[in-house]
Amino acid sequence: MSTTEIERQWTTRLRKRAAGKLPPEKLLPDTQPAYVSSWIYVFGVTTLAALSLVILTGFILSIRGPQWWHSSSIGHFVNSMHLWSVEIFFFAMIVHLWGKFFMAAWRGGRTATWMTGVVTFLASVGAAFTGYVSQTNFDSQWISTQAKDGINATGAGSIFNVLNLGQMLMWHIVLLPLAAVLLTAVHVLLVRIKGVVPPFEEKTGATK
Amino acid sequence: MSTKPFRPDVDAPEYKGKYAPYDIIREGTIAVIVVGLLVVLLATLFGSPDERAITIKTWSNANPIDFATTALGEMNGSTITAQYGGPYNTAAPGQNLGPLKLAQWAGVTIPVNTVRDFVINPLSSVPNDPDLKLALAQWKGANSAQQTSWVSNYSKGAAKMTWSHGLINVPATNVGPVPTIINKLTQMARSGALDQALVTGSGFYTTNYTKPLLFVADGTYLANLAQKQHLLGSQWGMMNETGSYPGQAWLWLYTFWYQVTPFSTSSNADVQVSALMGLLSLLLLLLPLIPGLRSIPRKVKVYRLIWREHYSA
Amino acid sequence: MAFLWSLAAFIPLDNYGHYIHWGVINISVANFIVVVLMIMTFVAALLLPFPGRNRRKGNQ
Ligand code: HEM
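Chains as they are written, first to last, in the working numbering: chain A, 1 to 208; chain B, 1 to 313; chain C, 1 to 60.
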């Protein structure tokens with residue numbers, strides 16, 4: 001087998017590209033630029049932590065199915081943890097968003113990082129909404145019968161039927177979490193590839 | 001190297017300064033532990049809301065007249081569902097966004113005929129009731145002009161509807177089987193059988209509650225309970241949760257538009273607000289590409305606080 | 001363990017909520033607290049000194 005044949009393999013090319021873009025030192029760096037010194041930087045990680053707890057508690061709720069939590073005090077407690085991790089998730093994500101906005105963290109080829117962030121935010125809003133309508137209680141009855149008007153008015157209601165519990169539960173536990181997690185993975189990998197955005201240059205120039 | 005001028009809101013200066021140790025895995029672990037403890041604390045302190053679902057049974061027992069009025073509305077075509085349009089029926093064109101009749105174009109994909117689906121079919125599933133059987137036969141044997149005339153005669157007296165000895169009474173004549181139909185449906189509802197008939201209409205297994213939810217939402221019982229919980233759209237209810245729990249606060253802007261003109265008085269508010277929010281989401285998505293907007297952070301200088309150590313170095 | 005869980009929700013928030021009306025604005029106290037906490041957290045994150053910078057300066 002000639003080396004050029006190996007060089008031309010899709011597998012080889014993919015590996016080389018991946019290793020070039022994201023060598024281990026970039027994927028798991030042990031240093032950061034000295035300007036990375038503010039509490040605002042912890043909100044991305046906090047969002048990530050909250051997201052993992054949302055998913056973990058969601059997994060536990062899944063074990064015994066969508067109505068378990070109505071009749072079990074353990075189930076209700078897990079549901080409470082699911083709800084509060086969602087509240088913290090959005091809380092941290094929004095503070096993160098404000099922080100990244102005021103740093104203009106899209107500079108230097110980081111537009112895709114910003115955009116994957118925004119799409120993750122929108123997917124998360126959808127995931128939370130479908131969760132609310134999958135509760136199988138008074139809240140879900142009210143929210144679904146109200147929300148149907150907004151969604152039907154756009155024509156989307158012809159496919160996305162918020163009154164169909166099975167459909168909403170599938171979106172809530174399969175499609176939207178998958179989207180949120182994949183988008184988050186791309187988002188975080190992009191941050192690692194690009195590195196953390198440097199400060200604006202000022203006349204008194206500290207960027208040496 | 002490109003000779004393009006440096007654009008401060010698009011390009012980033014090259015950093016040639018110092019690097020310092022930063023343990024991201026340790027940071028992540030601490031974050032999971034702290035958030036985990038906070039979640040357990042909040043869940044233990046406050047729990048989470050779980051107001052029981054209402055049923056057509058609870059509704060019709062709590063307020064038989066509201067139930068019977070709604071059932072009559074399903075027959076005379078005056079309820080929200082009966083007059084809805086797409087995706088349920090063709091009773092109305094639905095909302096439009098200027099020349100875009102999105103709801104109408106999307107078509108009827110979830111057909112609901114309120115007379116057939118909410119009244120006649122559920123009653124047809126009731127066994128061993130000769131009076132009902134007779135009434136249904138009379139209804140099904142009549143032409144639609146006759147049916148309409150019975151229903152509208154009955155509807156004329158409906159404002160004086162009373163409930164006594166387990167019966168709905170309406171002073172009206174020439175009403176054919178309508179009083180029997182309304183009374184039998186009310187009895188069926190109060191027994192809980194209507195809840196079942198509406199979900200099992202499509203077979204043994206179902207995960208689809210479109211019909212019972214539409215029916216329940218046509219009455220005033222659900223909305224009255226929601227109003228007490230401050231959940232109505234006019235109460236910014238989209239953001240709110242039952243009880244005094246925080247809700248979907250991130251929907252603040254979405255629900256805000258409904259409160260102000262022109263949306264608060266528009267009959268196309270739903271589609272207009274959706275379109276506006278879509279546009280604003282697009283602006284947020286494309287912010288890095290929009291001149292002016294993308295300069296805001298550089299101009300407001302909050303970044304000087306974030307990187308103050310760097311600038312003072 | 002089950003005993004612990006049966007104690008869950010020391011301060012259940014199931015009673016009807018309180019609401020703040022201010023012109024067109026109408027927000028539940030719970031949501032208001034969340035929003036205020038969010039803004040306070042953001043401001044605190046901007047203002048509070050990030051720990052470890054002295055150590056880090058020493059390292060370099
Ligand atoms: C599930 C939601 C999200 C997660 C888990 C997440 C996670 C992260 C993490 C871990 C980082 C690196 C550390 C940091 O700088 O904080 C980061 C960076 C970043 N995030 Fe997010 N994020 C999310 C949503 C968003 C949103 C909604 C936006 C903005 C619209 C956004 C914009 C950014 C940008 C621009 C960076 C690059 C920062 C830099 O280069 O300094 N993210 N994100």
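We put the beta carbon where it would ideally sit given N, CA and C, even for glycine.
- For Ser244 (chain B), no beta strand (DSSP E) encloses it, and the DSSP letter there is neither H nor E.
- Contact residues of the region 52 to 71 of chain B toward chain C are absent (C-beta to C-beta distance below 9 angstroms).
- With 16 or more other CB atoms across the displayed protein chains lying within 10 angstroms of its CB, Tyr303 (chain B) is buried.
- Inclusion of Ser48 (chain B) and Leu175 (chain A) in the CB contact set at 9 angstroms is not warranted, their separation being larger than that value.
- Annotation for His310 (chain B) indicates a beta carbon at 8 angstroms or more from all heavy atoms of ligand 1.
- Under the DSSP definition of a beta bridge, Gln32 (chain A) partners with B:Ala20.
- The DSSP-derived three-state label of Leu102 (chain B) is helix.
- Judged by pairs of C-beta atoms under 8 angstroms, the region 26 to 45 of chain A touches the region 17 to 32 of chain B, as three or more such pairs exist.
- Fully contained in the region 216 to 240 of chain B are the following alpha helix (DSSP H) runs of length 4 or more, in chain order: 221 to 228.
- B:Val178 is the residue among B:Trp250, B:Val178, B:Lys101 and B:Gly85 whose C-alpha sits nearest the C-alpha of Asp131 (chain B).
- Secondary structure in the region 91 to 161 of chain B: the alpha helix (DSSP H) runs of 4 residues or longer, each lying completely within the stretch, are 102 to 106, 121 to 124, 130 to 141 and 144 to 156 in chain order.
- Ser191 (chain B) carries a helical assignment under DSSP once its states are collapsed to helix, strand and coil.
- Within the same chain, Cβ atoms closer than 7 angstroms to the Cβ of Gly219 (chain B) are found at Trp59, Asp66, Phe67 and Thr70, the five residues on either side in sequence being excluded.
- With respect to chain C, the C-beta atom of Ile94 (chain A) has a partner C-beta closer than 9 angstroms.
- Sequence-distant Cβ neighbours of Val119 (chain B) in its own chain, meaning closer than 8 angstroms and more than five residues away, are Ala71, Glu74, Met75, Ile181 and Leu185.
- 9 angstroms or more divides the Cβ of Leu14 (chain A) from the Cβ of Arg192 (chain A).
- Around the Cβ of Pro198 (chain A), a 10 Å sphere holds 16 or more other Cβ atoms; the residue is buried.
- With a contact defined as Cβ atoms closer than 8 angstroms, Leu51 (chain A) and Leu189 (chain A) miss out at about 15 angstroms.
- The Cβ atoms of Val54 (chain A) and Val86 (chain A) sit closer than 9 angstroms to each other.
- For Trp22 (chain C), no alpha helix (DSSP H) segment is defined; the enclosing uninterrupted segment is the beta strand (DSSP E) at Tyr19 to Trp22.
- Between the alpha carbons of Glu27 (chain B) and Val45 (chain A) lies a gap of roughly 8 angstroms.
- A residue is called buried once 16 or more other Cβ atoms fall within 10 Å of its Cβ, and Glu241 (chain B) is buried on that count.
- With respect to Asn152 (chain A), Ser158 (chain A) sits close: the two C-beta atoms are nearer than 9 angstroms.
- In the structure shown, Leu167 (chain B) adopts extended strand secondary structure according to DSSP, grouped into three states.
- At a cut-off of 9 angstroms between beta carbons, Asn240 (chain B) contacts chain C.
- Residue state for Ile56 (chain B) is assigned as helix, using DSSP reduced to three classes.
- The contact set of Leu13 (chain C) on chain B, defined by CB atoms closer than 8 angstroms, consists of Phe46, Gly47, Pro49, Gly243, Ser244 and Tyr245 in chain order.
- Rounded to the nearest angstrom, the gap between the Cα atoms of Glu201 (chain A) and Leu48 (chain C) is 23 angstroms.
- Distances from the CA of Ala249 (chain B) to each of C:Ile20, C:Ile27, C:Pro51 and C:Ile11 were compared; the closest alpha carbon is that of C:Ile27.
- Of all alpha-carbon atoms in B:Asn208, B:Ser234, B:Tyr311 and B:Arg294, the one lying nearest the alpha-carbon of Phe263 (chain B) is that of B:Ser234.
- Non-local C-beta neighbours of Ala112 (chain A) in its own chain, meaning closer than 7 angstroms and more than five positions away in sequence, comprise Leu190, ordered along the chain.
- A straight line joining the alpha-carbon of Leu284 (chain B) with that of Phe89 (chain A) spans about 19 angstroms.
- Not one beta carbon of chain C lies nearer than 9 angstroms to the beta carbon of Leu276 (chain B).
- DSSP, read as helix, strand or coil, puts Ile159 (chain A) in coil.
- For Phe32 (chain C), the closest Cβ of chain A is not nearer than 9 angstroms.
- Within chain C, the residues placing a beta-carbon under 8 angstroms from that of Ser38 (chain A) are Ala45, Leu46 and Phe50, ordered along the chain.
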